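>
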Amino acid sequence: RRDPMPADADIADVDDDACAFDALDDGLAWSLGFLERVPEDEAYALTRHYFPSKCGGAPAWLDPVRVPYASQLVSAKGDKLDFLLQVYAAVECEEPSAFHRTVFVFVNASGGETHARGGCRAFRSQLPRENAYYAIDPLPEGMRGHALDVELDTVRKARCDRWDVTASEAAATLRAPTRTYPEYELVVENEERATDPTEGMQIIEDNVGDDMTADDLDEIEADVYDKDNEQLATFHVMLKSDPDQVLRYCYDDGAKPLWPSVTHAPNEDNIPCCERCGAPRKFEFQILPTIISKLDVDAESDYALDFGSIAVYTCSKSCAPIECDEASQKSGAYAEEYVLVHPPLNQ
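In terms of my numbering, the sequence shown has 313 at position 303, counting the first letter as 1, and numbering is strictly consecutive.
(1) Give the straight-line distance between the Cα atoms of Trp372 and Glu161, rounded to the nearest whole angstrom.
(2) Looking only at DSSP bridge pairs, what is Ile302 linked to?
(3) Secondary structure at Lys64, three-state DSSP: helix, strand or coil?
(4) How is Val256 classed by DSSP in three states: helix, strand or coil?
(5) Determine the closest residue to Val117 out of Val272, Gln96, Glu104, with distance taken between C-alpha atoms.
(6) In the DSSP assignment, what are the bridge partners of Glu278?
(7) Which residues in the same chain as Pro290 place their Cβ atom closer than 6 angstroms to its Cβ, once the five residues preceding and following it in sequence are excluded?
(8) Just confirm the distance between the C-beta atoms of Pro331 and Ala343, as a whole number of angstroms; I'd bet it's less than 8 angstroms.
(9) Quick one: is Tyr313 buried, meaning 16 or more other Cβ sit within 10 Å of its Cβ, or exposed?
(10) With distances taken Cα to Cα, identify the nearest neighbour of Pro49 among Ser338, Glu201, Glu195.
(11) Who are Val113's beta bridge partners in DSSP?
(12) Are the beta-carbon atoms of Val272 and Gln241 separated by less than 9 angstroms?
(13) Residues in the same chain with beta-carbon distance under 8 angstroms from Ala30, minus the five sequence neighbours each way, listed in chain order, please.
(14) Quick check on DSSP: helix, strand or coil for Lys340?
(15) Just verifying my parser: in three-state terms, what is the DSSP assignment at Ser319?
(16) To the nearest angstrom, how far is it from the Cα of Ser311 to the Cα of Arg139?
(17) Among Tyr348, Ala157, Lys90, Cys65, which has the Cα closest to the Cα of Asp73?
(18) Looking at the unbroken alpha helix (DSSP H) that takes in Val247, where does it start and where does it end?
(19) In this structure, how does DSSP classify Ala70 when only helix, strand and coil are distinguished?
(20) For Tyr191, which residues in the same chain have their Cβ closer than 6 angstroms to its Cβ, ignoring the five residues on either side in sequence?
So, in structure tokens, the structure goes:
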């Protein structure tokens, strides 16, 4: 198994004199996320006691009691959001409550709604090393963690019990069963990039698919295509070097997502500061559309999950949790962060 994640609707502007392939040579160290099935006898590794990075299934809540309210896990239109993935990523900061730190991402499963307002939401949760739920030292491999006592579990379920309801219980209470995606472990490797942009072009030439022909590439190299096609070629270079990657992570200053187009790229110029502490937000990770093929969705359906890319921006100070606002139904243990979504490439 690979190492855990390391610690540490406007048009975007583009420099007409810059080659799109320069975007791949930012000098930063990126980590790539991949999905791997976990054997049934090792399923314990995806429970909250092992601080997993994972995709699909039910959220492995870091703070298992003060979870987000069900009313927070909806789009601006009120559609329920499905759990997509979570990234356990401790970062270097002065905040003692960030010893354990996980970012959770939820999406609207309808392809036409994921990039709409509130169609994708991210929540950051963190705990100090000494806390009420986990021992200071990690569990030995294979050991099961303790479940919450009845009182605490009742508190949690009063906030959100969507992933506790079985199909039979949903039918008995006239509730729609909660949809879950296939469950994977999200594992990581350091990216190894070609230092010469022509090597990246060769990667594409050696892996020409139905969506990009050799003639297309010739036109791009001849600067016949416009910036969108040049940008898409760059995006293909990034994907072709590691075609199974589903996530790109870099917490370094200056890191930014690579979008698949220029015309439809979200505007990154006005990322709002953290609503809790006022600190600037910074880019943390990007979810790639390659993840969709792993989720057993019907690609032919107009209502299937679809997006061009998702970028998550988090508080640069990883500010501490606050008291929950019971009246407004907002969890103080899960800070909502900022998300940008590129629409599907076929739109």
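Think of the CB as a built atom: it goes at the ideal place given N, C-alpha and C, for glycine as much as any other residue.
Keep in mind it's a predicted model, so treat the numbers as computed, not measured.
From the atom records:
(1) Nothing in the structure corresponds to residue 372, since the chain is present only between 11 and 357.
(2) Within the sequence shown, residue 302 is the residue found at index 292, counting from 1. Answer is none; Ile302 lacks a bridge partner.
(3) Position 54 of the sequence shown, counted from the start, is the residue given in the question as residue 64. Lys64: strand per DSSP, three-state reduction.
(4) Within the sequence shown, the letter at position 246 stands for residue 256. DSSP places Val256 in coil when its eight states are reduced to three.
(5) Within the sequence shown, residue 117 is the residue found at index 107, counting from 1. When each option's Cα is compared against that of Val117, the closest is Gln96.
(6) One-based indexing of the sequence shown puts residue 278 at position 268. Here Glu278 is not bridged, per DSSP, to any residue.
(7) The count along the sequence shown starts at 1 and reaches residue 290 at position 280. Cys283, Ser326, listed in sequence order.
(8) For the purposes of this step, residue 331 is identified with residue 321 of the sequence shown, where counting begins at 1. For the purposes of this step, residue 343 is identified with residue 333 of the sequence shown, where counting begins at 1. Right, their Cβ atoms sit about 5 angstroms apart.
(9) Here residue 313 refers to the residue found at position 303 of the sequence shown. The C-beta of Tyr313 has fewer than 16 other C-beta atoms within 10 Å across all chains shown, which makes the residue exposed.
(10) Your numbering for residue 49 matches position 39 in the sequence shown. Measuring from the Cα of Pro49, the nearest candidate turns out to be Glu195.
(11) Numbered from 1 along the sequence shown, position 103 holds the residue referred to as residue 113. Per DSSP, Val97, Arg134.
(12) Stepping through the sequence shown from its first residue, residue 272 is reached at position 262. Stepping through the sequence shown from its first residue, residue 241 is reached at position 231. Cβ atoms of Val272 and Gln241: closer than 9 angstroms.
(13) For the purposes of this step, residue 30 is taken as the residue at position 20 of the sequence shown. Note that Ala30 has pLDDT 45, beneath the 50 cutoff, so the model's placement of it is unreliable and no number is given.
(14) Residue 340 sits at position 330 when you count from the first residue of the sequence shown. In this structure, Lys340 counts as strand in the three-state DSSP scheme.
(15) In the sequence shown, residue 319 corresponds to position 309, counting from 1. In this structure, DSSP gives Ser319 an extended state, which the three-state scheme calls strand.
(16) Within the sequence shown, numbered from 1, the residue matching residue 311 stands at position 301. Within the sequence shown, numbered from 1, the residue matching residue 139 stands at position 129. Approximately 45 angstroms, taken between the alpha carbons.
(17) Locating residue 73 in the sequence shown gives position 63, where the first residue counts as 1. When only C-alpha atoms are compared, the closest one is Ala157.
(18) On the sequence shown, position 237 is the one that residue 247 refers to. 237-251 is the span of the alpha helix (DSSP H), which, as asked, contains Val247.
(19) The count along the sequence shown starts at 1 and reaches residue 70 at position 60. For Ala70, the three-state secondary structure derived from DSSP is coil.
(20) Counting from one through the sequence shown, the residue named residue 191 turns up at place 181. Gly66, Leu305.
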